[in-house]
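These protein sequences, in sequence, are chains B and P. Mapping the first sequence onto our numbering, position 10 (from 1) lands on 15, and the numbers just tick up by one. Mapping the second sequence onto our numbering, position 309 (from 1) lands on 314, and the numbers just tick up by one. Ideal placement from N, C-alpha and C gives every residue a C-beta, glycine not left out. Every value quoted in this text rests on a predicted model; they were computed, and no experiment measured them. Below you'll find the structure, written out as structure tokens, and then a few comments.
There are 2 protein chains.
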Amino acid sequence: MDDAAKDLGRCAVVLPAGGCGERLGSLTPKQFCTVLGRPLISHTLEAFERASWIKDIIVVVASESLDLMKAIIHKYGHQRVTLVKGGETRHRSIFNGLKVFSENHSDDTAIDKPEVVIIHDAVRPFVDEDFLLQVAKSAKQHGAAGAIRPLVSTVIASSSDGFLDYSLERARHRASEMPQAFQYDVIYRAYLQCTDYDLDFGTECLHLALQYSNVKAKLLEGPPDLWKVTYKRDLYAAESVIKESISQQLCIVTNVKKEAIEVGFLLHENLKLHYKQVKAVSSSMCKTIHHLQNIFHGQCCNFICINVKDLDFEETQNLVDLLQTTNASISYPLVIVSVHLTTEDSSSGNKLSGVRKLAKEAHKSNILVYGLLINIDQDKVQLQQTVCEGTAIITALIKDRNPALVGQLMVA
Amino acid sequence: MDDAAKDLGRCAVVLPAGGCGERLGSLTPKQFCTVLGRPLISHTLEAFERASWIKDIIVVVASESLDLMKAIIHKYGHQRVTLVKGGETRHRSIFNGLKVFSENHSDDTAIDKPEVVIIHDAVRPFVDEDFLLQVAKSAKQHGAAGAIRPLVSTVIASSSDGFLDYSLERARHRASEMPQAFQYDVIYRAYLQCTDYDLDFGTECLHLALQYSNVKAKLLEGPPDLWKVTYKRDLYAAESVIKESISQQLCIVTNVKKEAIEVGFLLHENLKLHYKQVKAVSSSMCKTIHHLQNIFHGQCCNFICINVKDLDFEETQNLVDLLQTTNASISYPLVIVSVHLTTEDSSSGNKLSGVRKLAKEAHKSNILVYGLLINIDQDKVQLQQTVCEGTAIITALIKDRNPALVGQLMVA
């Protein structure tokens, strides 16, 4: 991707995050609401960090949120971020963000002026690198570019007494979304020239570029995922979208004992129907995190660990220990389903206390451990049926990532 | 509410449900996608059935969906519904719906012409009766009325070569949403006069009323819940909204034995913090559905059933039997958490087989039974802590309504 971005010149992003979230009906501004335990803005920052060609990320926050934002950056290890104090309105905040590249700083924090600056929202976490690059390149070429989407509802104007004045033809209009990108000089010049009325009541950066820098923005049809988290239902949707996206890949850790291999194989066959990628790895091969990280391209958040001996948590414990040495669970809760092969179900009480203790410890590191008993003392047909039920349970546990159920022992 | 609607005259609704759902990225049209196991359109129909002053519900569906729609109406027992075959476009479908009140039918299906007709979308399930009445009354008074919402994004127009032409001032425009309502003659006359271009490319009924019946619609600010399920994320959001709305009330069924009362009281105290309404009812009082139905105003979807003897499922079995005699679980999956008070945890294996069998049977009637063991052989402080953990598990089970975990025995 860096190759694809090489003609772009220096690129930065300004992320206004000063909104108060009144439409959400919550006291917490929406950019700080947590989704899967992590503030929304951290998810958005992650999207920009994946694009290594974006050199600086300017986050503009209200002064009362500065400490909170610093804590978020520290906790999730965000890189390349500079914090700037916001203004009274969105436009004033963006303007403050743009100023860090142009004004002289008394300290050493001067930041190199970018050729292209992307403007995005803190509450649009699902922007992908391809589309960012497309918008940035288009801005470099045309001076300005922005994402658009078809209108979901017809837009109308009302008279002052609350009656229909006129309605717009839906097909001729578009919703202006984010990201937008600009040649830095184009947008900075526009902000320098615009009026207080623009700064206080305007909503559209593309409009400023047109009016004050005489640049017509190129409009690019964006994917539906660009939507802005505005209402409480959007937080629900965002959580479901993230849960789905981190539940695509599954790693089955198993040892070479006969019964483990057999159940592992059956599970593999069944789970393949529910996940984009399922890979099995021998537990003996799974001693270093390096190996584990190379199983998939990208991070794997879901593990099945097959333990053979009746009271044995060794495999699961090893995996927890290994995952704890990494930062993997900082971003997302990891799920380990600790599968136990049994020949009788009366010993579940003893097993339980082991899983619970292990799960309680692991939970502190954002690793969610659930137990699953599979009785292997059955004929082939019965075992097939049991594994099928176990697959449904595993899939449900991974999809929900429910912290209240860690340490519970399910029975397939 | 019928009193409030008495000056309205006869009222009907037309519900176009012919869309193909292309924006959802799914082969199933979105109105037939299931949310909590039930097609979205059935949730929307329920919202209209609650308003008893709406006499006729005209559902307009594509001819290929007629049989599916009939099956849905039958399965969920929808009343007052008339099915009409849709047209090629939304406007043509609405027109077809309106015609049933005006054209002579060869059979006996002629339907009384309403004074006011509401037009809504099959994919906006969260409309409440108060707002419907408000829109209908406003239409009766002014000839036409419609819901509006503030714009979430700025609206722009693009030139033919894909560049920004102009952007609209966001504060001066609104998104036109549903429901809308009209004096029947106003909207029918408009449809009779409008052009093929209107019918094929138009999107706004309020516009037709203005242009062809010279009626300016009154615009009413609607609640955010009116949004249209358009994308896959909207299905996620709809599911979460419904799950939340049916997880507000909780009924604790307990018998009069000392330990049951004690744990029941502790649970009650803890659960009150998580639910709008928690009521305890003695199991002896809970023998007829009449009593159970009168516990809350409206339907209760969540039950905790406290069983005292070690291997006893009697209370839970009674409750399942009772709920099965009603239609309660047709609309939504009901949750029963079967709480078992124990003095040792080694017997859980035996208990398990009982819960699983019971849960498997109950699941066939859309009743989700989960087991929860609470060890009461502890001192007061420990018990308090255990009940607290049990509360977290109960709350998670009720919130998720996960069918894959029915019959599992959790341990608090």
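Would you kindly report the start and end of the unbroken alpha helix (DSSP H) that includes SER47(P)? 45 to 54
If we cut at 9 Å on Cβ distances, does ARG194(B) have a partner in chain P? no
Please check if any C-beta of chain B sits within less than 9 Å of the C-beta of HIS147(P). Look at HIS147(P): its C-beta is under 9 Å from a C-beta on chain B.
Minimum C-alpha distance to ARG154(P) - residue among VAL89(P), PRO229(P) and LYS118(P): PRO229(P)
Since HIS79(P) is in the alpha helix (DSSP H), which residue starts that stretch and which ends it? 71 to 80
C-beta neighbour in chain P for TRP58(B), strict 9 Å: no
The segment 158 to 171 of chain P: positions lying closer than 7 Å to chain B by Cβ: SER158, THR159, VAL160, ILE161, ALA162, SER163, GLY167, PHE168 and LEU169
I'd like the ranges of any alpha helix (DSSP H) spanning at least 4 consecutive residues and lying wholly in the segment 175 to 245 of chain P. 189 to 198, 201 to 206 and 210 to 218
In the DSSP assignment, what are the bridge partners of LEU378(P)? HIS345(P) and VAL416(P)
Classify GLN139(B) as helix, strand or coil using the three-state DSSP reduction. If DSSP states are grouped into helix, strand and coil, GLN139(B) belongs with the helices.
Simplified DSSP state of LEU169(P), which is helix, strand or coil: In this structure, LEU169(P) counts as strand in the three-state DSSP scheme.
Beta-carbon gap between LEU20(P) and GLY82(P) smaller than 9 Å: It is not a contact, given that the beta carbons lie outside the stated cut-off.
From LYS80(P) to ARG43(P), what does the alpha carbon distance come to, in whole angstroms? 10 Å
According to DSSP, simplified to helix, strand and coil, what is ASN131(B)? Rather than Asn, the amino acid found at residue 131(B) in this sequence is Phe. Note: PHE131(B) maps to coil in three-state DSSP.
Would you say GLN2(B) and ALA149(B) are within 9 Å of each other, going by their C-beta atoms? Outside the displayed span of chain B (6 to 417) sits residue 2(B), for which this structure offers no information.
Hey, quick one: how far does the alpha helix (DSSP H) through GLY91(B) stretch, first residue to last? Boundaries cannot be given for GLY91(B), as no alpha helix (DSSP H) includes it and DSSP labels it neither H nor E.
Please classify THR418(P): does DSSP put it in a helix, a strand, or coil? The structure shown does not extend to residue 418(P), since chain P spans only 6 to 417, so no value can be given for it.
Drop a sphere of 10 angstroms on the beta-carbon of ASN219(P), count the other beta-carbons inside from all chains shown, and report buried for 16 or more, exposed for fewer. So ASN219(P) counts as exposed.
Can THR235(B) and LYS35(B) be called in contact, C-beta distance under 9 Å? yes
Quickly, what does DSSP pair ASP61(P) with across the bridge? List them, please. ALA17(P)
Exposure label - GLN389(B); buried when at least 16 CB within 10 Å: Here GLN389(B) is exposed, its C-beta having fewer than 16 other C-beta atoms within 10 Å.
Please list, in chain order, all residues of the same chain as THR159(B) whose beta carbon is under 6 Å from its beta carbon, the five residues on each side excluded. SER172 and ARG175
In three-state terms, what does DSSP make of THR39(B)? strand
Could you list which residues in chain B have their beta carbon closer than 9 Å to that of HIS178(P), in chain order? VAL160, ILE161, ALA162, SER163 and LEU173
Which of helix, strand or coil DSSP assigns to THR159(P): strand
Just tell me which of SER143(B), SER68(B), ALA195(B) and PHE37(B) has its CA closest to the CA of LYS104(B). ALA195(B)
Kindly indicate if chain B contains any beta-carbon less than 9 Å away from that of ALA243(P). By this cut-off, ALA243(P) is an interface position.
Give a yes or no on contact between the segment 325 to 341 of chain P and the segment 270 to 278 of chain P, applying the rule of three or more CB pairs nearer than 8 Å. Under the Cβ criterion (8 Å, minimum of three pairs), the segment 325 to 341 of chain P does not count as touching the segment 270 to 278 of chain P.
Taking Cβ-Cβ distances shorter than 7 Å, what residues in chain B pair up with TYR236(P)? PRO229, listed in chain order.
Residue nearest to ALA22(B) in terms of C-alpha spacing, selected from ASN371(B), LEU13(B) and MET74(B): MET74(B)
State the Cα-Cα distance for the pair ILE403(B) and SER252(B), rounded to the nearest angstrom. 7 Å
Please compile the residues from chain B whose C-beta is within a distance smaller than 8 Å of the C-beta of GLU209(P). THR159, ILE161, SER172 and ARG175
With DSSP as the reference, label ILE372(B) as helix, strand or coil. In the structure shown, ILE372(B) sits in a strand (DSSP, three-state: E or B).
Between the Cα of LEU339(B) and the Cα atoms of ARG15(B), ASP61(B), TYR375(B) and GLU182(B), which residue gives the shortest distance? TYR375(B)
C-alpha gap between ALA141(B) and LEU225(B), whole angstroms: Straight-line spacing of the CA atoms in ALA141(B) and LEU225(B) works out to 11 Å.
One question on the structure: do ASP2(B) and VAL18(B) come within less than 9 Å of each other, judged by their Cβ atoms? In the structure as shown, chain B begins at 6 and stops at 417. Residue 2(B) is therefore absent and cannot be evaluated.
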